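Asks: With the sequence shown counted from 1, adding 1146 to any position gets you our numbering. Where a beta carbon is used, it is the ideal one built from N, C-alpha and C, also for glycine. Remember, it's a predicted structure, so these values are computed and weren't measured experimentally.
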Amino acid sequence: MSFPRKVFVETLDHLDEIDPRAMRSRRDLQRVHRVMGTRSIVCNGLKQMFPHFPPGRLRVLELGAGDGTLMLSVAKALRPIWGAVDFTLLDRQKLVSPKTAEAYERVNWNVDIEVGDVTDWIENSVRTPRDQHLERWDFIIVNLFLHHFEGATLVDLLNAIARSSSRFFACEPHRSYFALAGSHLVGALGANAVTREDAVLSVRAGFRNAEITKLWKQTECRWSVSEYSAGLFSHCFAAHRQ
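#1: CB of V1153 to nearest heavy atom of the ligand SAM: below 7 Å?
#2: On a Cα-Cα basis, can you pick out the residue from S1375, R1342, S1271 that is closest to S1322?
#3: Can you give me the Cβ contacts of A1249 inside the same chain, cut-off strictly under 6 Å, excluding the 5 residues immediately before and after it?
#4: Since W1283 is in the alpha helix (DSSP H), which residue starts that stretch and which ends it?
#5: For the candidate residues A1334, R1203, I1358, whose alpha-carbon lies nearest to that of E1296?
#6: Give the secondary structure of N1166 by DSSP, where H, G and I count as helix, E and B as strand, and everything else as coil.
#7: Helix, strand or coil: which one does DSSP assign to E1269?
#8: Just to confirm before moving on: does the CB-CB distance between F1314 and I1286 stay below 8 Å?
#9: Looking at E1373: is its Cβ nearer than 8 Å to the Cβ of V1288?
#10: In terms of DSSP beta bridges, what is L1382 paired with?
#11: Please list, in chain order, all residues of the same chain as M1182 whose beta carbon is under 8 Å from its beta carbon, the five residues on each side excluded.
#12: Just reading off the beta strand (DSSP E) that V1261 is part of, what are its end residues?
#13: DSSP beta-bridge partners for D1237?
#14: How long is the line joining the alpha carbons of G1229 and L1361, rounded to whole angstroms?
#15: For K1240 and V1253, which I take to be in contact (beta-carbon distance under 8 Å), what is that distance rounded to the nearest angstrom?
#16: In whole angstroms, what separates the C-alpha of L1347 from that of E1156?
#17: Please determine if the region 1171-1185 and the region 1330-1342 are in contact, where contact requires at least 3 C-beta pairs separated by less than 8 Å.
#18: Going by other Cβ atoms of all chains shown within 10 Å of its Cβ, with 16 needed for buried, is H1198 buried or exposed?
#19: Can you say whether A1385 is buried or exposed, counting buried as having 16 or more other CB atoms within 10 angstroms of its CB?
#20: What residues are listed by DSSP as bridge partners for N1289?
#21: First and last residue of the beta strand (DSSP E) that includes E1208?
#22: Does the distance from the C-beta atom of V1301 to that of A1325 stay below 8 Å?
#23: Per DSSP, what are the beta-bridge partners of D1213 in this structure?
#24: Leaving out five residues on either side along the sequence, give the residues of the same chain with a beta carbon under 7 Å from the beta carbon of F1291.
#25: So who's on the other strand from S1310, going by DSSP bridges?
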């Protein structure tokens, strides 16, 4: 049993990057990811998408990248089996610290930090004529990002991702009563009021079953897709171009 998906405005998304509440909430999210096992979930998903690391440098884009610490943990875990990566982190705010950027370089991930709104990124994809070159990423990844969108905006985002990449992986909140109950307990991790409120809203806006797949099927290319729950609280979607 579940409940209808409903997207709410989350507080963290509208706080200034140097607001103490936002800074504390981002630290909370690092603990939440550790409890949820997000790093392992993402690593397993990427290993399935890339059973063998392709030749040359892999071009990767993360949308809604935040402070970049989650993908840094993934990069460190994948270092023994992955080669060089050109990694672009796109977010509305400049949250990646110099220390985090330097840590990426040490695992052979060359980082490019871009500040911008994803709606502008979508519009750029739509405006690019089909007979002109569109920047193609080896894969695009999102973590706790798709659940912020609904309706036509979510479809437009997925279409832009499909047009711009060869592979796509998303790790989102799983929408279930169990996950909802868990979201009410993040205060036990020492989370502040912003994180406690946003955690509940994230689950209510999360996904289940094949909801992302149904929207992805509205894209124009042929893809092989899989959608599945992971761990106790996560929901994943993976797609690669055929």
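Replies: Result, derived from the coordinates:
#1: Among the components modelled here there is no ligand, and therefore nothing to report on the ligand SAM.
#2: Sequence index remark: in the sequence shown, residue 1322 carries index 176 (1-based). Comparing Cα positions, the closest option is S1375.
#3: The residue labelled residue 1249 in the question sits at position 103 within the sequence shown. L1218, listed in sequence order.
#4: The residue labelled residue 1283 in the question sits at position 137 within the sequence shown. Neither: W1283 is in no alpha helix (DSSP H) and is coded neither H nor E.
#5: Translated into the one-based positions of the sequence shown, residue 1296 becomes position 150. For the residues A1334, R1203, I1358, the minimum Cα distance to E1296 belongs to I1358.
#6: As a first step, residue 1166 must be located in the sequence shown, where it is residue number 20. A small correction: the amino acid at residue 1166 is Pro; Asn does not occupy that position in the sequence shown. P1166: helix per DSSP, three-state reduction.
#7: As a working note, residue 1269 is residue 123 in the sequence shown. Helix.
#8: For the purposes of this step, residue 1314 is taken as residue 168 along the sequence shown, with counting starting at 1. For the purposes of this step, residue 1286 is taken as residue 140 along the sequence shown, with counting starting at 1. Yes; because the gap between Cβ atoms is below 8 Å, this pair is in contact.
#9: On the sequence shown, position 227 is the one that residue 1373 refers to. On the sequence shown, position 142 is the one that residue 1288 refers to. Cβ distance not < 8 Å, so E1373 and V1288 don't count as in contact.
#10: Residue numbering aside, residue 1382 sits at position 236 when the sequence shown is read from its first letter. A small fix is needed here, since residue 1382 is Cys in this sequence, not Leu. C1317, Y1374, per the DSSP bridge assignment.
#11: Stepping through the sequence shown from its first residue, residue 1182 is reached at position 36. So the qualifying residues of the chain are G1377, L1378, F1379, S1380.
#12: For this step, residue 1261 is matched to residue 115 along the sequence shown. Unbroken beta strand (DSSP E) run through V1261: 1255-1261.
#13: Sequence index remark: in the sequence shown, residue 1237 carries index 91 (1-based). Beta-bridge pairing links D1237 to V1261.
#14: Residue numbering aside, residue 1229 sits at position 83 when the sequence shown is read from its first letter. Residue numbering aside, residue 1361 sits at position 215 when the sequence shown is read from its first letter. Roughly 33 Å separates the two Cα atoms.
#15: For the purposes of this step, residue 1240 is taken as residue 94 along the sequence shown, with counting starting at 1. For the purposes of this step, residue 1253 is taken as residue 107 along the sequence shown, with counting starting at 1. Their Cβ separation, rounded to whole angstroms, is 21 Å, which puts K1240 and V1253 out of contact at 8 Å.
#16: Mapped onto the sequence shown, residue 1347 falls at position 201. Mapped onto the sequence shown, residue 1156 falls at position 10. Computed Cα separation, rounded: 7 Å.
#17: yes
#18: Residue mapping note: residue 1198 aligns to position 52 of the sequence shown, counting from 1. By the 10 Å Cβ count, H1198 comes out exposed.
#19: Along the sequence shown, one-based indexing puts residue 1385 at 239. Buried, because 16 or more other Cβ atoms sit within 10 Å of the Cβ of A1385.
#20: By one-based count along the sequence shown, residue 1289 stands at place 143. DSSP, once it has assigned bridges, lists C1317 as partnering N1289.
#21: For the purposes of this step, residue 1208 is taken as the residue at position 62 of the sequence shown. Segment 1204-1209, the beta strand (DSSP E) holding E1208.
#22: If you number the sequence shown from 1, residue 1301 lands on position 155. If you number the sequence shown from 1, residue 1325 lands on position 179. Contact flag unset, no.
#23: As a first step, residue 1213 is located in the sequence shown; it is residue number 67 there, counting from the start. Answer is none; D1213 lacks a bridge partner.
#24: To locate residue 1291, count along the sequence shown from 1; it is residue 145. Correct list, in chain order: L1209, G1210.
#25: As a working note, residue 1310 is residue 164 in the sequence shown. Its beta-bridge partners do not exist; DSSP assigns none.
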